[in-house]
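Below you'll find the structure, written out as structure tokens, and then a few comments.
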Amino acid sequence: MGNKIQQRVGLFGGTFDPIHFGHLRAAEEIKQILELDKVYFIPTAISPHKVDTNVTLSSKRLEMLKLAIEGNKYFDISEFELKSETPSYTIKTLEYFSKMEPAPELYFIVGNEQFDQMDTWRDYKRLFELSNFAVITRPGFSELSSSKVPLALKDDFRYYNCIENVISYTNKRKEIVFIEIKGIEISSTDIRAFVKSKKSIKYLVPDKVQKFILSEKLYA
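This is the structure in structure tokens:
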């Protein structure tokens, strides 16, 4: 039997409370640009980076994710962090996925604001040994002249390439890719507020997710 081809896998973590079209469009654009074979949505159980603990039950967030990606063969869900009884540290997640057979080429998907705080994450330098990073940025970000890599990583990662809306840095083993996403300017916080104030969330979330939110009386 021949060797299995190494897959390029995106890992997209978050509370997804709720999942919305902004998440889905970002995942789709990154999948296409980086030519990923699969994108795993990884809902967190206990985020070590969020003070607000008023998060919807894991089972309901998971169901909304399932409804949102239904029928998309390139999108999948990992319950690894949901099943953990400890805070959802990214290092544990990357160690878990890096042990898959055959070992995939990982791309951890993260927002630019989160990426700027990565030197506060547990074992943050080891994160860049286990995975590449795909950093979601907004239109206009690529026009900035200053380095995009946090100070703590500048000694290791060097500017590599810039093609249209994609800026790459590399340390010869892994890469950090900043991708300008022309996505939908909406947040889960906005959606929860809309529901609470009885405003429409149509066209902000998939129809099945909207129906689930209303039927379960979430965020009311």
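Residues 1 to 220 in our numbering are what the sequence shown lists, from first letter to last.
Ideal Cβ placement from N, Cα and C applies to all residues, glycine included.
Source: prediction; values computed, not measured.
Taking the straight line between their C-alpha atoms, what separation do you get for residue i and residue j?
{"i": "E85", "j": "A45", "result": "8 Å"}
{"i": "F128", "j": "S78", "result": "21 Å"}
{"i": "K202", "j": "N171", "result": "44 Å"}
{"i": "N161", "j": "N132", "result": "15 Å"}
{"i": "D190", "j": "S58", "result": "20 Å"}
{"i": "M1", "j": "P102", "result": "Since pLDDT at M1 reaches only 44, below the 50 mark, its modelled position is unreliable, and no value is offered."}
{"i": "V177", "j": "E63", "result": "31 Å"}
{"i": "L67", "j": "L214", "result": "14 Å"}
{"i": "E70", "j": "K31", "result": "17 Å"}
{"i": "A220", "j": "F212", "result": "13 Å"}
{"i": "V55", "j": "S88", "result": "14 Å"}
{"i": "E216", "j": "L65", "result": "15 Å"}
{"i": "V195", "j": "T93", "result": "32 Å"}
{"i": "R192", "j": "R173", "result": "41 Å"}
{"i": "F97", "j": "V39", "result": "12 Å"}
So what does DSSP say about residue i, is it helix, strand or coil?
{"i": "E105", "result": "strand"}
{"i": "N54", "result": "coil"}
{"i": "E180", "result": "strand"}
{"i": "D207", "result": "helix"}
{"i": "Y40", "result": "strand"}
{"i": "E28", "result": "helix"}
{"i": "R126", "result": "helix"}
{"i": "N112", "result": "helix"}
{"i": "R192", "result": "helix"}
{"i": "E95", "result": "helix"}
{"i": "K198", "result": "coil"}
{"i": "R173", "result": "coil"}
Taking Cβ positions, are residue i and residue j nearer each other than 8 Å?
{"i": "R126", "j": "I91", "result": "yes"}
{"i": "G10", "j": "I109", "result": "yes"}
{"i": "I19", "j": "V205", "result": "yes"}
{"i": "I181", "j": "I136", "result": "yes"}
{"i": "E35", "j": "R8", "result": "yes"}
{"i": "F16", "j": "R61", "result": "yes"}
{"i": "A134", "j": "Y107", "result": "yes"}
At what residues does the alpha helix (DSSP H) containing residue i begin and finish?
{"i": "N132", "result": "Here N132 belongs to no alpha helix (DSSP H); instead the beta strand (DSSP E) covers 132-137."}
{"i": "D76", "result": "Unbroken run through D76 is the beta strand (DSSP E), 75-77; no alpha helix (DSSP H)."}
{"i": "L218", "result": "Per DSSP, L218 belongs to no alpha helix (DSSP H) and is neither H nor E."}
{"i": "I5", "result": "Element bounds for I5: n/a, residue is neither H nor E."}
The beta strand (DSSP E) that contains residue i, what's its start and end?
{"i": "F12", "result": "8-14"}
{"i": "Y169", "result": "166-170"}
My understanding is that residue i touches residue j, with C-beta atoms under 8 Å, so please give their C-beta distance in whole angstroms.
{"i": "F75", "j": "I42", "result": "Between I42 and F75 the Cβ distance is about 12 Å, and since that is not below 8 Å, they are no contact."}
{"i": "Q6", "j": "E105", "result": "6 Å"}
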